[in-house]
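**Q**
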Amino acid sequence: MESRRNRAGMKTMININLFSALESVFRYSFMQHAFEAGTVIAIVAGIIGYLVVLRRTSFAAHAYAEIGFAGAAGSVLLGINPLIGLLSASIIGGSAIAVLGRSASQRDVEIGSVLAFALGLGLLFISLYTGYATEAYSILFGEILGISSGSVLLTLAVSLIILAAAAVVYRPILFDSLDEEVAEAKGMPTLLLGVIFMVLLAAAVSIAIQVVGVLLIFALMVTPAAIAIRLTKKPVYAIAISVLVALLATWIGLFISFYEPYPVSFFITSIVFASYLFVRFVYPK
Amino acid sequence: MQSEIVVAKDLAVSYKNKSVWKNANFSVRRGEFVAVIGPNGAGKTTLFRMLLGLQKPDKGTIKIFDADPRRGNPKIGYVPQRHTIDNDTNIECVELVRLAFSGNRWGFSLSSRKEKKAADEALAAVGATELANKSLASLSGGELQRIFLAEALVSNPEMLLLDEPLSNLDIRRAKELVELINGIVSSRKVTTFLVAHDINPLIQSLDKVIYIANGRVAIGKPEEVLTSESLTRLYGTHVEVLKDSMGHILIHTLYGIQEEPRRDEDHDKY
């Protein structure tokens with residue numbers, strides 16, 4: 001009797017603590033902004049990530065991040081919002097690769113060469129910029145805690161466009177990803193679909209960079225989807241799981257980072273990686 | 001004329017500006033089961049690409065259903081040689097078949113009853129109902145080919161183009177698949193072209209053979225085409241067709257025995 005009452009009491013205490021902890025986290029507007037942006041980005045990354053894994057274009061996704069870095073560094077130099085530079089550079093780069101055809105997006109050597117050049121270009125822009133080097137650091141590794149309310153709105157707008165477009169092209173892209181030759185023979189516009197997908201991917205990568213940065217982009221764009229694909233055979237469920245993993249990692253990462261003096265990106269990548277290890281080695285097939 | 005589904009007159013094609021074959025004349029009637037055979041790089045897949053409207057002839061005409069070939073003809077079901085299904089393709093079979101039914105439609109919706117019914121029927125037609133909810137990644141070569149066949153059948157085509165469906169199967173599985181295809185050909189009256197390396201699993205079911213070699217195309221009943229005289233004429237060099245007591249044949253050319261596929265060249269795109 002006694003112990004049960006104790007346990008019940010402890011439970012309410014934890015509930016109250018968690019509640020008050022969340023309350024104190026959301027008291028700060030920078031945390032609110034981070035949660036708002038982090039949430040929409042995780043949803044977009046989870047959905048687009050599923051198609052990335054299915055189409056085997058993870059390496060291209062990484063390249064877009066690095067092309068975006070050059071764009072972001074360039075706009076820091078020019079004094080514009082880095083998100084604009086990110087979006088325009090990676091979308092232009094993305095369309096260029098997509099126009100070359102799907103097999104081009106799987107050519108590791110070519111993409112690797114472009115990627116290295118873009119990173120070098122970004123480095124030049126950063127060194128030309130006489131301000132703080134922290135700008136480069138936050139583009140490379142993510143800095144969601146400092147996100148401005150303007151960037152939150154821009155992120156939301158871009159996300160809504162990506163989600164609307166993804167809903168329209170979902171079925172043709174899914175089929176094209178699974179069976180490109182039959183899709184082509186059926187008269188589907190496979191090249192156009194590839195370009196649309198790459199543009200959506202580039203936009204998604206650009207906004208996701210704000211959370212985990214250029215170099216850690218896989219943590220949101222690839223690993224959650226890879227986890228989901230191991231857990232279910234149904235695409236709709238896989239997308240739901242992929243979104244859920246990205247969301248939980250982002251939320252928990254942000255929450256911990258409020259109390260611990262380490263980067264959010266570290267917590268997010270660790271949570272995602274731990275989940276991946278779990279489904280890969282512990283979860284029964 | 002109604003029953004002539006494909007008519008080629010003085011047809012010539014090339015691949016990457018190199019002539020593949022020319023002076024081809026053939027016709028195929030509704031419901032015929034036709035094997036397309038010949039050495040690697042002879043231009044078998046090129047014939048398919050032309051029927052699919054993905055490639056134009058250099059010379060001559062080809063009519064299919066009394067019209068020019070066009071891309072996206074819903075009367076054709078196509079099974080290409082595959083590469084993309086691997087261990088990471090953890091997607092249930094029925095999803096692929098459903099997408100083949102409605103994948104060309106834009107907009108997001110959960111699967112409709114009509115789509116589900118079509119997919120279930122196509123899977124039943126190839127005896128793969130029990131594979132519906134299995135992952136594509138977990139299937140054997142023969143099971144995969146049945147799913148691809150269902151994928152092609154789901155839109156109720158009048159013609160099937162099957163590119164090397166037997167290439168990775170052992171002789172027993174190959175014969176099972178041929179029996180299945182033959183059943184579909186005769187019950188649905190669907191005109192079927194099947195590219196193969198080895199004629200033996202097919203020989204009993206075929207109506208016609210299109211033999212492509214040496215830039216030339218021969219067509220006829222298997223017993224007409226697969227003779228030493230006819231193939232010697234086609235290759236332009238001495239060819240012997242050997243027959244064993246079980247009716248299996250072996251085509252012996254200057255380049256070696258043509259019966260076994262040369263795996264290293266399996267992925268040629270001719």
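So the sequence lines, in the order shown, correspond to chains A and B. For what it's worth, our numbering labels the leading residue of the first sequence as 1, then goes sequentially. For what it's worth, our numbering labels the leading residue of the second sequence as 1, then goes sequentially. Heads up, the beta-carbon is just placed ideally off N, CA and C, and yes, glycines get one too.
1. Short check: CB of residue 229/A to CB of residue 90/B, under 8 angstroms?
2. Kindly say whether residue 182/A, judged by its beta-carbon, lies nearer than 8 angstroms to any beta-carbon of chain B.
3. Could you work out which residues of chain B lie near residue 224/A, taking near to mean beta carbons separated by less than 8 angstroms?
4. Please report how far the alpha carbon of residue 259/B lies from the alpha carbon of residue 38/B, in whole angstroms.
5. Verify the CB distance criterion: does residue 87/B have a CB-CB separation below 8 angstroms to chain A?
6. Could you name the residues of the same chain whose beta carbon sits closer than 7 angstroms to that of residue 3/B, not counting the 5 residues immediately before and after it, in chain order?
7. When the cut-off is 8 angstroms and only beta carbons count, does residue 175/A lie next to chain B?
8. Can you tell me where the alpha helix (DSSP H) with residue 108/A in it begins and where it stops?
9. Quick check on residue 10/B: does DSSP put it in helix, strand or coil?
10. For residue 16/B, which of helix, strand or coil comes out of DSSP?
11. Helix, strand or coil for residue 42/A, going by three-state DSSP, please let me know.
12. Distance check for residue 172/B and residue 149/B, CA to CA, integer angstroms please.
13. Suppose you measure from the CA of residue 85/B to the CA of residue 241/A; what does that come to, to the nearest Å?
14. For residue 108/B, does the three-state DSSP call read helix, strand or coil?
15. When DSSP builds the beta bridges, which residues end up paired with residue 294/A?
16. By the three-class DSSP mapping on this structure, what secondary structure does residue 203/B have?
17. Report the rounded CA-to-CA distance for residue 151/A versus residue 174/B, giving the unit in angstroms.
18. Assess, as a yes-or-no matter, whether the segment 44-64 of chain B is touched by the segment 10-18 of chain B under the definition of 3 or more beta carbon pairs within less than 8 angstroms.
19. May I ask which residues mark the beginning and end of the alpha helix (DSSP H) holding residue 56/A?
20. For residue 206/A, which of 59/A, 65/A, 176/A has the nearest alpha-carbon?
21. Using three-state DSSP, classify residue 49/A as helix, strand or coil.
22. What are the boundary residues of the alpha helix (DSSP H) that includes residue 84/A?
23. Where does residue 274/A land, buried or exposed, given buried means 16+ other C-beta within 10 angstroms?
24. Does the segment 194-201 of chain A touch the segment 135-155 of chain B, meaning 3 or more C-beta pairs lie closer than 8 angstroms?
25. In terms of residues, what are the limits of the beta strand (DSSP E) holding residue 216/B?
26. Identify, in the order they occur along the chain, each residue of the same chain with its Cβ nearer than 8 angstroms to the Cβ of residue 43/A, setting aside the five sequence neighbours on each side.
27. Are the segment 117-128 of chain B and the segment 149-166 of chain B in contact at 8 angstroms, needing three or more beta carbon pairs?
28. Excluding five sequence neighbours on each side, which residues of the same chain lie with their C-beta closer than 7 angstroms to the C-beta of residue 213/B?
29. Listing by chain order, which chain B residues have their CB less than 9 angstroms from the CB of residue 193/A?
30. Which residues in the same chain as residue 146/B place their Cβ atom closer than 8 angstroms to its Cβ, once the five residues preceding and following it in sequence are excluded?
31. Is the segment 42-62 of chain A touching the segment 212-226 of chain A in the sense that three or more CB pairs, one from each, lie closer than 8 angstroms?
32. Give a yes or no on whether the C-beta atoms belonging to residue 206/B and residue 33/B are separated by under 8 angstroms.
33. Just the Cα atoms here: how many angstroms apart are residue 17/B and residue 5/B?
34. Please work out which residues of its chain come closer than 6 angstroms, Cβ to Cβ, to residue 215/A, disregarding the five sequence neighbours upstream and downstream, and give them in chain order.
35. For residue 192/B, write down the residues that DSSP places opposite it in a beta bridge.
36. For a contact defined as C-beta to C-beta under 7 angstroms, what are the partners of residue 102/B on chain A?
**A** Based on what the coordinates show:
1. yes
2. yes
3. In chain order: nothing, as chain B lies at least about 15 angstroms away.
4. Below a pLDDT of 50, predicted positions are generally treated as unreliable, and residue 259/B, at 48, falls in that range; the measurement from the model is reported next regardless. So the two alpha carbons sit approximately 10 angstroms from each other.
5. no
6. 29, 30
7. yes
8. 108-128
9. strand
10. In the structure shown, residue 16/B sits in coil (DSSP, three-state: anything other than H, G, I, E or B).
11. Residue state, collapsed to three classes: helix.
12. 18 angstroms
13. Cα to Cα, the separation comes out at about 22 angstroms.
14. coil
15. Residue 294/A is absent from the structure shown; chain A starts at 1 and stops at 285.
16. coil
17. 60 angstroms
18. yes
19. Counted as a single uninterrupted DSSP element, the stretch harbouring residue 56/A is not any alpha helix (DSSP H), since DSSP gives it neither H nor E.
20. 65/A
21. Reduced to three states, the DSSP call for residue 49/A is helix.
22. 82-99
23. Label assigned to residue 274/A: exposed.
24. No, because fewer than three Cβ pairs between the segment 135-155 of chain B and the segment 194-201 of chain A fall closer than 8 angstroms, the two stretches do not touch.
25. 216-220
26. 159, 163, 243, 246, 247
27. yes
28. Hits under 7 angstroms: 38, 39, 42, 234, 235.
29. Going along chain B, no residue has its Cβ under 9 angstroms from residue 193/A, so there is no contact; the nearest lies around 10 angstroms.
30. 126, 127, 128, 131, 177, 180
31. yes
32. Cβ atoms of residue 206/B and residue 33/B: closer than 8 angstroms.
33. 29 angstroms
34. 140
35. 33/B, 160/B
36. 171
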